[in-house]
Structures are given as C-alpha cells and as structure tokens.
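Asker: Its first residue numbered 0, the sequence shown is counted upward by one per residue in our numbering. Just so you know, even glycine gets a beta-carbon here, dropped at the ideal spot from N, CA and C.
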Amino acid sequence: MAVDQHSGARSDAGSAPEPAAVDKAITAPSRVAWLRRAWNHYVVYLIWEQAMKTEHPAWERFFARRCPHLAGMIAYFGVLSVIPATFLFVSVLGLAGGLENQGWIVEQLKNVMPAQAANSIVRTVDDLRANSGSLGVIGLFGLIWGTTNFFSCIESGLNIIYGVNNRHFIFQKGWVLLLMAAALLAMLVATLLVALVLPVLENVNAVADDVYRLPVNGGLQSVILSVSMAFLFFLSCYRFLPNTSIATREVWRGAVGAAIAFEISILLLPEVVGAQNGGVVISSFAGVFIVLIWLYVMGFVLLAGGCYNWWRREKHRRASGELELGGAPAAVAT
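1) Within 10 angstroms of its Cβ, does residue 100 collect 16 or more other Cβ (buried), or is it exposed?
2) Hey, residue 154 and residue 240 are a contact pair by Cβ (cut 8 Å); roughly how many whole angstroms apart?
3) How many angstroms separate the CA atom of residue 173 from the CA atom of residue 56?
4) Using the Cα positions of residue 316 and residue 249, report the straight-line distance between them to the nearest angstrom.
5) Taking residue 79 as the reference, which of 157, 152, 320 and 296 has the closest Cα?
6) Report, in whole angstroms, the separation of the C-beta atoms of residue 310 and residue 60, which I expect to be a contact under 8 Å.
7) Report all residues from its chain with a CB closer than 8 Å to the CB of residue 71; omit the five preceding and five following residues, and keep chain order.
8) Three-state secondary structure (DSSP) at residue 97?
9) Just to confirm, are residue 245 and residue 156 a CB contact at a threshold of 8 Å?
10) Thinking residue 302 and residue 160 are a contact (beta carbons under 8 Å), I'd like their distance in whole angstroms, please.
11) Pull up the distance between the alpha-carbon of residue 225 and that of residue 264, whole angstroms please.
12) Give me the residue from 320, 306, 247 and 77 with the minimum Cα distance to residue 158.
13) If distances are taken between C-alpha atoms only, which option among 175, 149, 162 and 146 comes closest to residue 63?
14) Check this for me: beta carbons of residue 149 and residue 77, under 8 Å apart or not?
15) Between 222, 257, 223 and 221, which lies nearest to residue 236 when the distance is taken from Cα to Cα?
16) At what residues does the alpha helix (DSSP H) containing residue 60 begin and finish?
17) Do you know how far the Cα of residue 260 is from the Cα of residue 288?
18) Restricting to Cα atoms, I'd like to know which of 318, 320, 308 and 319 is closest to residue 58.
19) Report the three-state DSSP secondary structure of residue 319 (helix, strand or coil).
20) Would you report the Cα separation of residue 178 and residue 30, rounded to the nearest angstrom?
21) So the candidates are 243, 255 and 247; which of them puts its Cα closest to the Cα of residue 223?
22) Quick one: Cα of residue 233 to Cα of residue 320, how far?
23) Report the three-state DSSP secondary structure of residue 175 (helix, strand or coil).
24) Quick check on residue 252: does DSSP put it in helix, strand or coil?
25) Per DSSP, what kind of secondary structure is residue 158 in: helix, strand or coil?
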C-alpha cells in the first residue's frame, strides 16, 4: 500500500509542469498585453486621436490659430528677406575681412535648400555686392526693412499663439532690428570661429578614421552644424520675439523638436521635389519658389513648436493652480 502511495506521489511529481514552461506560459500573455498597451498608447492615442484628430491641446491650438496660413505669411516675407539678409551678412563679413569664408557660406546654404535655389541666391547676392556702391542709403534702408519684416511676421505669429497683442509698430521694428543686429554679430563670430576650427576638425576626422575607425565625415558635421544653428534660431525666436515674459526653460524643448523636424525636412524635401536629380517638379519652378517651399516648412515647424511651448506653459500654470475652474485647479491634459 505504501509502495502505491509512493508511486502515486512520483507520478504526480512527474506530471507537474516544468518551471521553464510556466515562465513561458506567463511571458506570452504579458508580451501580448504589452504590445496591446503600446498599440493603444502610441498608435491609437498619440497618432490617431492626438495628432490626426487634433485632440491634443497644442495641435488643436495650431489649427485654431490658423498657423498653416501664418506659415504662408512667414514664407512670403522670408522670400523677400532671404536675399537682403544674406547680402547684409556677406557685407558685414567683408568688413571683417572674412570674405574667404563665402565658399563655406554657399555650402551651408546648399545644406538647407536645393542647389538651384542656393545658387540663385548666391548669384543675386554677388550682383548686389558688385553694385553695392549704387545702392545708397535708401537701398540699404530697404534691405534692412525687408529683413526686419521677416522677424516681425514670426513675432506676430507667436503673439497670436500666445493670445497677446503685438508691440507698438516703432518699438516692434526697433526690437526686431536690435535682435537682427545681435544675430548678425553672432553669425559673424561663429563664421570666423568656424574658419579657425575647420583645420582642427579635419585633423579630428583623420584621427577618428585612422585610429578609432569612427565614421566621422563632412556630411555628419554638416548635419550637426545645421541642427545646432536651427536650434539656436528657434530658441531665439521662442525666447525673445513673443510680447510676453517667457523663460528659456519653457521653450527649449520646442526648439529641440523644431530643429530636429526641420533637419528631417531638409533631408526629405529634395527627394520630394526632385531637387537632387533635376526632376520634372524642380524644372517647372524657379529657384525663388523652391526657397518659398523651404521657408513654408520652416514657418510650419516653427509655429508648431510655438504651440507646443504654449501648451507646456499652460499645463504648468494649471498644475500650479494659477488657472482655476470652479475654485479648483483645472484638469491638465496629458
């Protein structure tokens, strides 16, 4: 009888599932549940509901404030300003004795727009520089005025997003002119520094390639430089142009996202419009219209980042209890 009990116990023990099988049985449903949660959160909630159906407060603000139309306004004045701005920058660079860096400037223009558009701008700037003696004070004033209109449009777009009034006309032009002068000075210093750093970067490339076998090349440097310049541009616009008090910590995230999105558009748009292989689309438009497309994308990305910064600011204010509904802090969108 005891033998039968022991044999039964042994048979029960033999029929027990192995630990590996138990772990596998537990892991499979948990993996399916994780995939289901990821699908519901990232695809259904973030992409479909928040982005496509514009249920996210920032995305809803973007369309409620007619930001796609404002991006067109920014692009239009950007086309009128890009040649004067480049002319002023090259002129200041010439006064500083840095015209040997003009080739580098042309290369950077080609990094942010199709080659045909960049060459068109460079030819126009060269013609302006060749006839700069005939411009006179009125012509120089017109160049500066056209450049300030571009930043004034960006300021107006950001003020519409934040729901504040524009500055007085004279103060607005003066403030934008001051910021533009600071930007030109910063670009001048950066260009001169790049001229000094380029030999060092070439040595770093050689060491990284020969010793560490790292794929550091000119394309990677151009991308890093382009993203850095775009980040500084977006950060300056978000921080200084709106007619309201804004801290840097409130806008740096939007500047990072806008810079990355703009860089991705730089890499993708030449393929879309056929700028790399001289396709039908690029042959049907002049260089100025290609610049218009690029500036519209820039304005679109800039205003989208501005709406994101506005949403984070309102979210923080509501979480702090500054905006209350019915005596209690308002619900914060996630």
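Answerer: Taking the structure as given:
1) Your numbering for residue 100 matches position 101 in the sequence shown. The pLDDT assigned to residue 100 is 49, lower than 50, so where the model puts this residue is not dependable; a value taken from the coordinates is nonetheless given after this. Answer is buried; the Cβ neighbour count reaches 16.
2) Taking the first residue of the sequence shown as position 1, residue 154 is located at position 155. Taking the first residue of the sequence shown as position 1, residue 240 is located at position 241. Right, the Cβ-Cβ distance comes to about 4 Å (below 8 Å), so this counts as a contact.
3) What you label residue 173 is simply residue 174 of the sequence shown in a count that begins at 1. What you label residue 56 is simply residue 57 of the sequence shown in a count that begins at 1. Going by the C-alpha atoms only, they are around 34 Å apart.
4) Numbered from its first residue, the sequence shown carries residue 316 at position 317. Numbered from its first residue, the sequence shown carries residue 249 at position 250. Cα-Cα distance, rounded: 11 Å.
5) Working through the sequence shown from its first residue, we reach residue 79 at position 80. The candidate whose alpha carbon is nearest that of residue 79 is 152.
6) As a position in the sequence shown, residue 310 is number 311, starting the count at 1. As a position in the sequence shown, residue 60 is number 61, starting the count at 1. Contact holds; Cβ gap of about 7 Å.
7) Reading the sequence shown from its first residue, position 72 is the one you call residue 71. The answer, listed in chain order, is 295 and 298.
8) The residue labelled residue 97 in the question sits at position 98 within the sequence shown. Here the model assigns residue 97 a pLDDT of 49, short of 50, so the residue's position is not dependable, and the following value carries that caveat. Coil at residue 97, not helix or strand.
9) Position 246 of the sequence shown, counted from the first residue, corresponds to residue 245. Position 157 of the sequence shown, counted from the first residue, corresponds to residue 156. No. Outside cutoff.
10) Here the question's residue 302 lines up with position 303 in the sequence shown. Here the question's residue 160 lines up with position 161 in the sequence shown. Confirmed, about 7 Å.
11) Position 226 of the sequence shown, counted from the first residue, corresponds to residue 225. Position 265 of the sequence shown, counted from the first residue, corresponds to residue 264. In a straight line, the C-alpha of residue 225 is about 12 Å away from that of residue 264.
12) Counted from its first residue, the sequence shown places residue 158 at position 159. Of the listed residues, the one whose Cα sits closest to residue 158 is 306.
13) Counting from one through the sequence shown, the residue named residue 63 turns up at place 64. Comparing Cα-Cα distances from residue 63 to each of 175, 149, 162 and 146, the minimum goes to 162.
14) The count along the sequence shown starts at 1 and reaches residue 149 at position 150. The count along the sequence shown starts at 1 and reaches residue 77 at position 78. In this structure, residue 77 lies closer than 8 Å to residue 149 by Cβ.
15) As a position in the sequence shown, residue 236 is number 237, starting the count at 1. Of the candidates 222, 257, 223 and 221, the one whose C-alpha sits nearest the C-alpha of residue 236 is 257.
16) As a working note, residue 60 is residue 61 in the sequence shown. Segment 56-63, the alpha helix (DSSP H) holding residue 60.
17) Along the sequence shown, one-based indexing puts residue 288 at 289. Along the sequence shown, one-based indexing puts residue 260 at 261. Their backbone Cα atoms lie some 21 Å apart in a straight line.
18) Here residue 58 corresponds to residue number 59 of the sequence shown, with the count starting at 1. The shortest Cα separation from residue 58 among 318, 320, 308 and 319 belongs to 308.
19) As a working mapping, residue 319 is identified with position 320 in the sequence shown. Looking at residue 319 - three-state DSSP - the assignment turns out to be coil, as it is neither helix nor strand.
20) If you number the sequence shown from 1, residue 178 lands on position 179. If you number the sequence shown from 1, residue 30 lands on position 31. Approximately 54 Å, taken between the alpha carbons.
21) Reading the sequence shown from its first residue, position 224 is the one you call residue 223. Residue 255 is the option with its Cα nearest to residue 223.
22) Within the sequence shown, numbered from 1, the residue matching residue 233 stands at position 234. Within the sequence shown, numbered from 1, the residue matching residue 320 stands at position 321. Going from the Cα of residue 233 to the Cα of residue 320 covers about 29 Å.
23) Here residue 175 refers to the residue found at position 176 of the sequence shown. Three-state result, residue 175: helix.
24) Locating residue 252 in the sequence shown gives position 253, counting from the first residue. Correct three-state label for residue 252: helix.
25) Residue mapping note: residue 158 aligns to position 159 of the sequence shown, counting from 1. Of the three classes helix, strand and coil, the one that applies to residue 158 here is helix, per DSSP.
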